[in-house]
């Protein structure tokens, strides 16, 4: 793991996969040290609006949707701006040009929006994910 200084007072953007793992009873405890580390380093935790949608939209029924929606409300959700979408679109085009074999489904819209946030905030933000 990097030095604590690399994370101190930065923006921690949570990916949907870590949120999904955290809501599973058997795995939630496994991620507690991650959040303790972020808290100790005064990292500000955020989600993007596309992740909120991705996390809650396909929950299967109203009871599960309400549970997930209430649970995710503990985090700050930031809206995507037109500029964020523009950068995300440019990045998706770049990825496609860089690797013509790349399947469009391999990089999701939320992934591109997260990448746009990393461009926007440069070295002040990082993504917390379970996806390599």
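Residue numbers (the numbering used here): 4 to 135.
Heads up, the beta-carbon is just placed ideally off N, CA and C, and yes, glycines get one too.
So what does DSSP say about residue i, is it helix, strand or coil?
{"i": "residue 132", "result": "coil"}
{"i": "residue 105", "result": "coil"}
{"i": "residue 14", "result": "strand"}
Apart from the five residues just before and just after residue i, which ones in its own chain have a Cβ nearer than 8 Å to its Cβ?
{"i": "residue 59", "result": "68, 71, 72, 75"}
{"i": "residue 10", "result": "40, 41, 44, 46, 129"}
{"i": "residue 30", "result": "24"}
Out of the options, state which residue places its alpha-carbon closest to the alpha-carbon of residue i.
{"i": "residue 94", "options": "102, 17, 118", "result": "118"}
{"i": "residue 21", "options": "14, 110, 37", "result": "37"}
{"i": "residue 111", "options": "84, 96, 101, 63", "result": "96"}
Name the one or two DSSP bridge partners that residue i has.
{"i": "residue 80", "result": "50"}
{"i": "residue 31", "result": "The partner list for residue 31 (beta bridge, DSSP) is empty, contrary to what the question assumes."}
{"i": "residue 94", "result": "Paired residue(s): none; residue 94 is not in a bridge."}
Give me, in chain order, the residues of the same chain whose beta-carbon lies closer than 6 Å to that of residue i; leave out the 5 immediate sequence neighbours on both sides.
{"i": "residue 34", "result": "25"}
{"i": "residue 54", "result": "19, 113"}
{"i": "residue 90", "result": "119, 122"}
Given a threshold of 16 other Cβ atoms within 10 Å of its Cβ, counted over all protein chains shown, does residue i qualify as buried or as exposed?
{"i": "residue 82", "result": "exposed"}
{"i": "residue 120", "result": "buried"}
{"i": "residue 87", "result": "buried"}
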